[in-house]
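Accompanying notes for the structure given below.
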Amino acid sequence: GAGVSQSPRYKVAKRGQDVALRCDPISGHVSLFWYQQALGQGPEFLTYFQNEAQLDKSGLPSDRFFAERPEGSVSTLKIQRTQQEDSAVYLCASSLAGTSGGFYEQFFGPGTRLTVL
Amino acid sequence: AQKVTQAQTEISVVEKEDVTLDCVYETRDTTYYLFWYKQPPSGELVFLIRRNSFDEQNEISGRYSWNFQKSTSSFNFTITASQVVDSAVYFCALSTAGANNLFFGTGTRLTVIP
Chain A
108 GAGVSQSPRY KVAKRGQDVA LRCDPISGHV SLFWYQQALG QGPEFLTYFQ
158 NEAQLDKSGL PSDRFFAERP EGSVSTLKIQ RTQQEDSAVY LCASSLAGTS
208 GGFYEQFFGP GTRLTVL
Chain B
138 AQKVTQAQTE ISVVEKEDVT LDCVYETRDT TYYLFWYKQP PSGELVFLIR
188 RNSFDEQNEI SGRYSWNFQK STSSFNFTIT ASQVVDSAVY FCALSTAGAN
238 NLFFGTGTRL TVIP
């Protein structure tokens with residue numbers, strides 16, 4: 108398909124395990140965003156890439172969270188030593204251009220639901 | 138700081154009724170963008186509309202209409218003649234010219250009863 112894809116769709120981890128979540132943006136989209144959505148809440152910003160450059164990581168909740176986009180396309184969000192409060196849906200979005208965030212529509216993937224036991 | 142408030146947590150309507158979802162925003166920026174997204178049970182956020190702060194014209198798209206009023210910092214969304222397929226969580230969001238991300242409200246869960 109032509110949309111944003113994410114894998115896995117569901118991930119169950121034991122507390123303390125490391126996890127890696129993948130995002131395939133729409134081809135040609137310069138900007139890539141990660142959001143965290145807790146149950147019953149709206150998505151909250153985690154980090155932003157323009158091509159391979161991580162320009163904003165102000166939303167990452169702790170140094171256990173790490174994101175990369177080495178070739179400017181696929182991105183991976185890694186969470187080390189997972190804790191129960193990390194349980195949430197992790198959404199990836201991409202947009203066409205790298206200018207100010209609101210001007211271009213962000214297209215969202217289906218999300219990865221992470222459950223930490 | 139940016140903030141979006143969706144005071145209605147859950148709304149239930151009977152099919153064919155009209156329903157309005159409220160959104161109030163806060164920002165000190167003069168250039169900003171407002172959005173509505175729909176999140177069906179599948180989880181994927183579906184873009185509905187984007188308005189910029191300089192365009193207060195109301196917009197209608199089929200059964201959907203949006204009322205943007207800067208005087209009250211509101212961007213309300215009305216669904217006319219609701220249908221069961223409209224059942225979803227609806228999010229209002231804000232972005233400013235200097236920011237890269239969207240600030241979302243907490244969402245309104247709409248249930249349309251057949």
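Sequences listed follow chains A and B, in order. Heads up: the first sequence begins at 108 in my numbering, then just goes up one per residue. Heads up: the second sequence begins at 138 in my numbering, then just goes up one per residue. Ideal Cβ placement from N, Cα and C applies to all residues, glycine included. Bear in mind that the values here come from a model prediction, so they are computed numbers and not experimental data.
Cβ of residue i within 9 angstroms of any chain A Cβ
| i | result |
| --- | --- |
| B/Leu239 | yes |
| B/Val161 | no |
| B/Ala144 | no |
| B/Glu181 | yes |
| B/Arg187 | yes |
| B/Thr243 | yes |
| B/Ala230 | yes |
| B/Phe191 | no |
Closer than 9 angstroms to chain B by CB, residue i
| i | result |
| --- | --- |
| A/Gln213 | yes |
| A/Glu175 | no |
| A/Asp193 | no |
| A/Leu198 | yes |
| A/Gly179 | no |
| A/Phe172 | no |
| A/Arg220 | yes |
| A/Pro217 | yes |
Neighbourhood of residue i by C-beta distance below 7 angstroms, restricted to the same chain and skipping five residues each side
| i | result |
| --- | --- |
| B/Thr167 | Ser190 |
| B/Val249 | Val150, Glu152, Ser219, Gln220, Val221, Asp223 and Ser224 |
Where the beta strand (DSSP E) containing residue i begins and where it ends
| i | result |
| --- | --- |
| B/Ile148 | Glu147 to Val151 |
| A/Ile133 | Unbroken run through A/Ile133: none, as it is neither H nor E. |
| B/Tyr252 | Any answer about residue 252 of chain B is impossible in this case: the structure gives chain B only from 138 up to 251. |
| B/Asn204 | Tyr201 to Gln206 |
| A/Gln144 | Ser138 to Gln144 |
| A/Asp163 | Ala160 to Asp163 |
| B/Asn238 | From DSSP, B/Asn238 is part of no beta strand (DSSP E); its letter is neither H nor E. |
| B/Phe212 | Ser211 to Ile216 |
CA-to-CA distance, residue j to residue i, given in whole angstroms
| i | j | result |
| --- | --- | --- |
| A/Gly218 | B/Glu147 | 23 angstroms |
| B/Glu154 | B/Ala218 | 5 angstroms |
| A/Tyr211 | A/Asp131 | 18 angstroms |
| A/Gln124 | A/Cys199 | 22 angstroms |
| A/Val137 | A/Glu159 | 9 angstroms |
| A/Arg171 | B/Gln176 | 28 angstroms |
| A/Leu139 | A/Lys164 | 12 angstroms |
Worksheet item: Using a Cβ cut-off of 9 angstroms, which residues of the region 121 to 138 of chain A contact any Cβ in chain B, in chain order?
Response: Hits within the stretch, in order: Ser138.
Discussion item. Using a Cβ-Cβ cutoff of 9 angstroms, what residues of the region 196 to 216 of chain B are near chain A? List them in chain order.
Written reply: Result list empty, no residue passes.
Discussion item. Can you pull out the residues from the region 140 to 153 of chain A whose beta carbon lies closer than 9 angstroms to at least one beta carbon of chain B?
Written reply: Against chain B - using a Cβ distance shorter than 9 angstroms - the residues of the region 140 to 153 of chain A are Phe140, Tyr142, Gln144, Gly147, Gln148, Gly149, Pro150, Glu151, Phe152 and Leu153.
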